[in-house]
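Engineer: Last residue of the sequence shown? That's 679 in our numbering, and every number before it is there in order. Handing you this structure, nothing more for now.
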Amino acid sequence: AAGLGEGLQPPSSALLLQASPPARSFQLDYEEDCFRKDGAPFRYISGSIHYARVPRPTWRDRLLKMYMSGLSAVQVYVPWNYHEPLPGVYDFAGDRDVEAFLDLTAELGLLVILRPGPYICAEWEMGGLPAWLLWKPDIVLRSSDPAYLAAVDSWLHVLLPKIKPRLYQHGGNIISVQVENEYGSYYACDYGYLRHLLGSFRALLGSEVLLFTTDGTRAEELRCGTLQGLYATVDFGPGSNVTEAFGAQRRVELKGPLVNSEYYTGWLDYWGEAHASTSSARVARGLEDMLRLGASVNMQVSPFLQLPSFPLPGADFKDQYKPVTTSYDYDAPLSEAGDPTEKLFAIRTVISKFQPLPVGPMPPATPKYAYGWVALRKVSACPEGCAAPAWHCPAALRPSLSLQYADLLDVLDVLCPSGPIQSQFPLTFEAVKQAHGFVVYRTQLPRDVPDPTTLGAPPHSVCDRGYVMLQQNYQGTLERDGQTTLHVTGRAGDTLDVLLENMGRISFGANISDFKGLLGNLSLDSSPLSNWLIYPLAIDTAIQQGWPHTALLKSNSRGRAGPAFYTGTFETPGIAWDTFVKFPGWSKGQLWINGFNLGRYWPRRGPQQTLFVPGSVLHVGRPNNITVLELEGAPPAPFLLFLDRPLFNRTLSRSPAATE
């Protein structure tokens, strides 16, 4: 067997079935093929929740809904890059206070299955690994590479001492801890790495805690992802044959509890593909089949949107680069806004067949409000013939707003206060220590180009999208695994700017060493360009400090092509309820409200058409500042539309409530 759990001997040793078990214990029973909690047989029904994707003011609401669904446990991911944004710089405050979150789970009577990584996947930027690991270009992630292990050990020595007192054996509610995640799907297959992690977790958490792995059901995945001393579990969705899937677990764990550590109740969305959905009946049927076998199950129950400003979503690599949408709604039993769905109640009904449900009602959906049109231009009255209600008429918004804008290239001194880096050839984001967001690459045309001439990039060298400007005039976009050439004309000395966007580092795939920026040189008619100025942009920092609302910007009544910021304000009618914002006629960009980065919009690519705005980011009784960074071209009359429901599928954009 690849993993007999906890570094213990085979079942015949009877080491696990003690005559007098400790007062608090959570153990494996290989004789009865179950867990034992405080000596009694135990089976958990759990749901995943990502505290890093849920605003702290709503933690209690989401957890209470999971508890009232009949769940006995929650599975909690800890993203390393969320807490160590720079080497040796740690952040556990506010939304990042994982200890406060864990204490809240205990207060509500939920057990915890912890997933501290160091790699977690979770469709999270780089699977939770910090981008600064790539400052060493030849590092081999998720391996025995000494540089990688040193960084991992440093992080675990900070995180795991916070976890140890919360283990079940020590009076807490954490019953088990996962080591790595789906390692068998990674190319390295480095048992030395897994052994190192096992030693580190044991040294920092003790010998009693139950440590486990999770992998897919293919033989190769279980061969490379399991290790003796780590109990091997599997993951699969409602489309799988339950008997066959658990048969795969039995090939590496001949005895012990059956466990599906990730039962997929929905699926993620990629930009440019249809919105994923999974039927409630199918999910419920699969869950019931597993519970009838006595299995323990963890479900994807409460995924959420990508919050807060850092990091933005990750990406998969499946024959090509596939960035994940901003929304992480996942067609989950609890929606992006934390609302119970038909799927949640179907799951609750199944659970009720196997164990009693908590007494009391399910907490209701959070209130939503359609604040209506927010026009980013000054208007005074509804045009003649407008039949829309006053609150929804873009020309009668309360109050009227003036559009202000700033071309991104005009404010580089604000967004890059330290000034540019000079280099003969382009440097990656990692080389200039820029983790996320945007970098401007600037050079000059070396000669006159009177006729349309090819400006091109080597294959796979634009990571991930490049917005090209010549003399500040937008020329078009270069894209990873897409268009890599444009035709330009100009004069010698004309300024060429390329704004590079990081669309998210790969979180799952063959290789997550996903470097960003211009990985190769641009060429003009096959002649390489040189003498670059490189501007790493700190847009989030500037906006959080009040820019551009504290600056004097240009005023205009129309949108324009190319990267530019648009600002405005609006007031709520005395409430701060959750809402969803739609972008009629906009192309692609990012939205901030009151300095809070709500993520990317890309209605032209879809399927996601709205961004979720938690009520907790809105002000009551004073203006709410809106900042939009449009990358390709704003509509002639820029405005936003606030709805009381999301639109995830581009086909829904034609519905009456979302007409443009």
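Cβ atoms here follow ideal geometry from the backbone N, Cα and C, with glycine treated the same way.
Using DSSP bridges, identify the partner residues of Ile558.
Structural biologist: DSSP, once it has assigned bridges, lists no residue as partnering Ile558.
Engineer: What distance in whole Å lies between the Cβ atoms of Asp234 and Trp286, which are believed to be in contact at a cut-off of 8 angstroms?
Structural biologist: A Cβ-Cβ distance of about 18 angstroms is found for the pair Trp286 and Asp234, leaving them out of contact under the 8 angstroms criterion.
Engineer: On the DSSP bridge assignment, give the partners of Thr232 in chain order.
Structural biologist: Ala251
Engineer: With a Cβ-Cβ cutoff of 8 angstroms, do Leu446 and Gly536 count as a contact?
Structural biologist: The Cβ atoms of Leu446 and Gly536 lie closer than 8 angstroms to each other.
Engineer: Name the residue from Asp48, Glu649, Trp143, Phe584 whose alpha carbon lies nearest to the alpha carbon of Lys274.
Structural biologist: Asp48
Engineer: Can you find at least 3 beta carbon pairs, one from the stretch 514-527 and one from the stretch 488-497, that sit closer than 8 angstroms?
Structural biologist: Output reads yes: the stretch 488-497 touches the stretch 514-527.
Engineer: State whether the stretch 423-430 contacts the stretch 493-509, with contact taken as three or more CB pairs (one from each stretch) at a distance under 8 angstroms.
Structural biologist: no
Engineer: With a 10 Å radius around its C-beta and 16 neighbouring C-beta atoms as the bar for buried, classify Gly618 as buried or exposed.
Structural biologist: Looking at its Cβ environment, which holds 16 or more other Cβ atoms inside 10 Å, Gly618 is buried.
Engineer: Using a threshold of 8 angstroms, state whether the C-beta atoms of Leu659 and Thr629 are closer than that.
Structural biologist: no
Engineer: Return the bridge partner residues of Phe54 from the DSSP annotation.
Structural biologist: Leu47, Phe61
Engineer: My guess is that Pro471 and Thr508 are in contact by the Cβ rule of under 8 angstroms, so how many angstroms apart are they, rounded?
Structural biologist: 6 angstroms
Engineer: Ser689 by DSSP, collapsed to three states: which one?
Structural biologist: With the chain represented from 20 up to 679, any question about residue 689 goes unanswered, as that position is not in the structure.
Engineer: Under 8 angstroms: do the stretch 558-572 and the stretch 602-619 share three or more Cβ pairs, one atom per stretch?
Structural biologist: yes
Engineer: Identify, in the order they occur along the chain, each residue of the same chain with its Cβ nearer than 6 angstroms to the Cβ of Arg664, setting aside the five sequence neighbours on each side.
Structural biologist: none
Engineer: Kindly indicate the opening and closing residues of the beta strand (DSSP E) around Glu239.
Structural biologist: Counting along the chain, Glu239 falls outside any beta strand (DSSP E), though it belongs to the alpha helix (DSSP H) covering 238-244.
Engineer: When you compare only the Cα positions, how much space is there between Ile525 and Val647?
Structural biologist: 26 angstroms
Engineer: Please report how far the alpha carbon of Leu682 lies from the alpha carbon of Leu637, in whole angstroms.
Structural biologist: Shown here, the chain extends from 20 to 679; a query on residue 682 therefore has no answer.
Engineer: If you draw a straight line from the alpha carbon of Cys140 to that of Gln188, how long is it in whole angstroms?
Structural biologist: 28 angstroms
Engineer: So, helix, strand or coil for Asn613, using DSSP?
Structural biologist: The answer is coil: DSSP assigns Asn613 none of H, G, I, E or B.
Engineer: What residues are listed by DSSP as bridge partners for Arg619?
Structural biologist: Gln609
Engineer: Can you tell me the Cβ-Cβ gap for Phe584 and Asn643, rounded? I've got them flagged as a contact below 8 angstroms.
Structural biologist: That belief does not hold up - the Cβ atoms of Phe584 and Asn643 are roughly 16 angstroms apart, past 8 angstroms.
Engineer: Helix or strand or just coil, what does DSSP make of Ala314?
Structural biologist: In the structure shown, the three-state DSSP call for Ala314 is coil.
Engineer: Taking the continuous alpha helix (DSSP H) assigned at Lys718, which residues delimit it?
Structural biologist: For residue 718 there is no data in the structure shown, the boundaries of the chain being 20 and 679.
Engineer: If you pair each beta-carbon of the stretch 77-89 with each one of the stretch 144-152, do three or more pairs fall below 8 angstroms?
Structural biologist: no
Engineer: Give the straight-line distance between the Cα atoms of Phe364 and Pro352, rounded to the nearest whole angstrom.
Structural biologist: Their backbone Cα atoms lie some 8 angstroms apart in a straight line.
Engineer: Candidates Tyr70, Val171, Gly587: which alpha carbon is nearest Ala425's?
Structural biologist: Answer by Cα proximity: Gly587.
Engineer: Quick one: is His455 buried, meaning 16 or more other Cβ sit within 10 Å of its Cβ, or exposed?
Structural biologist: buried
Engineer: Enumerated in chain order, which unbroken segments of the alpha helix (DSSP H) with a length of 4 residues or greater are wholly contained in the stretch 156-217?
Structural biologist: 165-182
Engineer: Would you call the stretch 277-294 and the stretch 312-319 in contact, with 3 or more CB pairs under 8 angstroms?
Structural biologist: yes
Engineer: How many angstroms separate the CA atom of Pro359 from the CA atom of Tyr460?
Structural biologist: 46 angstroms
Engineer: May I ask you to verify whether the stretch 111-120 touches the stretch 63-77, counting CB pairs closer than 8 angstroms and requiring at least 3?
Structural biologist: Segments in contact, yes.
Engineer: Tell me, please, which residues DSSP counts as bridged to Val93.
Structural biologist: Val93 is bridged by DSSP to Gly66, Val131.
Engineer: So, for Gly512: in the same chain, excluding its five sequence neighbours on each side, which residues have a beta-carbon less than 7 angstroms away from its beta-carbon?
Structural biologist: Gln463, Leu464
Engineer: Please state whether the Cβ-Cβ distance between Gly107 and Met85 is less than 8 angstroms.
Structural biologist: no
Engineer: Below 7 angstroms CB to CB, which residues in the same chain sit around Asp209 once its five sequence neighbours on both sides are set aside?
Structural biologist: Ser162, Ser163
Engineer: Smallest Cα separation from Gly256: which of Tyr212, Gly225, Arg304, Ser226?
Structural biologist: Arg304
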